[in-house]
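**Student:** Under full-length UniProt numbering, the first residue of the sequence shown is numbered 1, with each subsequent residue one higher. We treat Cβ as the ideally placed atom computed from N, Cα and C, and that holds for glycine. This structure is a prediction, so every number in the text was calculated from the model and none was measured.
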Amino acid sequence: MSEKYSGPTSALLSVVLLVLPVACNAEDRIVTVHPNPHFAVDGLVLGRPVAPNSAAYRRYSCTPSEQYPDFTRCNQSNIKDGVRVSGTILHGSNLLAWYVNKQVSPAYFTPSEVESEIERLSRQFGVAPQIYRLPDNSEFPAAVIATFGGIKLQPLNVRELAILANGKSPKAGILVDFLNDFHRSAASRLPVYRLGGSEGFAWIANYDQEGKGTLRFFAADPSHMKRDATEDSSSGPERAGDVMTPLETRPQITLPSEETGQRPAFMVAMESVGGIYQVPIRINDTITLDAIVDSGASDVSVPADVVMTLMRSKTISADDFLESKTYTLADGSKVPSERFVIRSLRVGNRTLENVPASIASVNAQILLGQSFLSRFKSWSIDNQKHGLILN
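So this is what it looks like as structure tokens:
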């Protein structure tokens, strides 16, 4: 075990208490420390009241929550021996706490310490953990998220990730990520989750090859933390496949059409792959990929990982995302999808601007659909010359 780290969560609590001392007399405590199996942090048990007149509570800076009506958000941060320990409490107007969070940076781990702490927490709570691991990548530290109880992690959609990547808040509630740095995770195309579900506990740790990283752990009950519906709508639609109703009240973006005039027709060479024609397209003058010519697709369809690449190159922003749309698949099923505007889409020597596109799953193929093809007076495929003719 590293000399710079006091141990996993159980031992870390002693470090936290040094930074935020809890007095021995009851009136000076945030809550009475209660030895019970409920999820808690520093003795503050979910559903128990804070003590607003206590010295410990007054060490926090408290303001009305911007995302949870009738809730108060309290933050506190201290540095001791080069270690920053931060705390957050979210409590209702009745003073009952439903989110208690601690974060430590830097924290030091070995792989065995991480596994031992997860096992210890599992024994303490009497439930098996749900474990998420960041795939091995030399660019990022080793990272693990372990959740216990009813906590559910719901991936943010592409619109929300774009907002985070630009250093802003998507107003999606309490967030969870592997790096304990939401903006960096979004900019690096790593998953970021919103907190959902019911009462539970989460433990998030990451560490580099030297064992240095960050630690975050919290107890929360999202079922008691209802967010403002207007904020939910501003954060955009859910991922494809989730239940969703398009928001007709969202501002509409008018897309200008291309004035092709009497420009001559031109042909773009295509390649037949397994009997399916593909043509190279260039998106936002940033990335060139092969797309399937699909007249049955309403819009150009772009996989989510390509969209994230465009976000990282800063050739699309949150302002480029449109309202969601429900598409009917070949089997008759209906699937909602997020949409965005491709600022420039080049095929051959012709470039169209402001082309609407849908966002598909990471493993999907790029489709050159009607939102591009219908902008021309006519189009056809020359089977003998293997070419796409655009007029």
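1) Is A265 buried or exposed, if buried means 16 or more other CB atoms sit within 10 Å of its CB?
2) Whose C-beta lies closer than 7 Å to the C-beta of Q278 among residues of the same chain, with five residues either side of it excluded?
3) Starting from the C-beta of N391, find all residues in its chain whose C-beta is less than 7 Å away, skip the five residues before and the five after it, and write them out in chain order.
4) Counting along the chain, where does the alpha helix (DSSP H) carrying V306 start and finish?
5) Would you check if the stretch 101 to 116 and the stretch 159 to 169 touch, i.e. whether three or more CB-CB distances between them fall below 8 Å?
6) For F321, which residues in the same chain have their Cβ closer than 6 Å to its Cβ, ignoring the five residues on either side in sequence?
7) Consult DSSP for I30 and reduce its assignment to one of helix, strand or coil.
8) With 16 other CB atoms within 10 Å as the buried threshold, where does A240 fall?
9) Have a look at F148 and F125 and give me their C-alpha separation to the nearest angstrom.
10) How big is the Cα-Cα spacing for Q154 and L134?
11) Is it buried or exposed for K102, if we count other Cβ within 10 angstroms and need 16 for buried?
12) In angstroms with no decimal places, state the Cα-to-Cα distance between G150 and S198.
13) So, I359 versus S301, is the Cβ gap smaller than 9 Å?
14) Hey, would you say A107 sits closer than 9 Å to V83, going by beta carbons?
15) Evaluate P129 with the Cβ neighbour count: other Cβ atoms within 10 Å of its Cβ, from every protein chain shown; 16 or more gives buried, anything less gives exposed.
16) Starting from the Cα of G296, find the closest Cα among S374, S54, E323 and give me that residue.
17) Consult DSSP for F125 and reduce its assignment to one of helix, strand or coil.
18) Along the chain, which unbroken stretches of the beta strand (DSSP E) at least 3 residues long are found entirely within the stretch 110 to 194?
19) Residue 393: which of F71, V85, D70 sits nearest, CA to CA?
**Tutor:** Looking at the atomic coordinates:
1) exposed
2) M270, E271, D290, A291, I292
3) A265, F376, K377, S378, W379
4) 304 to 312
5) no
6) Here F321 has R159, F340 as same chain residues with Cβ atoms under 6 Å from its own Cβ, once five neighbours each way along the sequence are excluded.
7) Because the pLDDT at I30 is just 36, under 50, the model does not fix this residue reliably, and the value given afterwards should be weighed accordingly. Of the three classes helix, strand and coil, the one that applies to I30 here is coil, per DSSP.
8) Summary for A240: the model assigns pLDDT 29, below 50, so the residue's position carries little reliability; its value from the coordinates is reported in the next sentence. Buried, since its Cβ has 16 or more Cβ neighbours within 10 Å.
9) 8 Å
10) 16 Å
11) Flag for K102 reads buried.
12) Our two residues, G150 and S198, have alpha carbons roughly 5 Å apart in a direct line.
13) Yes; because the gap between Cβ atoms is below 9 Å, this pair is in contact.
14) yes
15) buried
16) S374
17) helix
18) 130 to 133, 142 to 155, 175 to 177
19) The requested residue 393 does not occur in the structure, where the chain is confined to residues 1 to 391.
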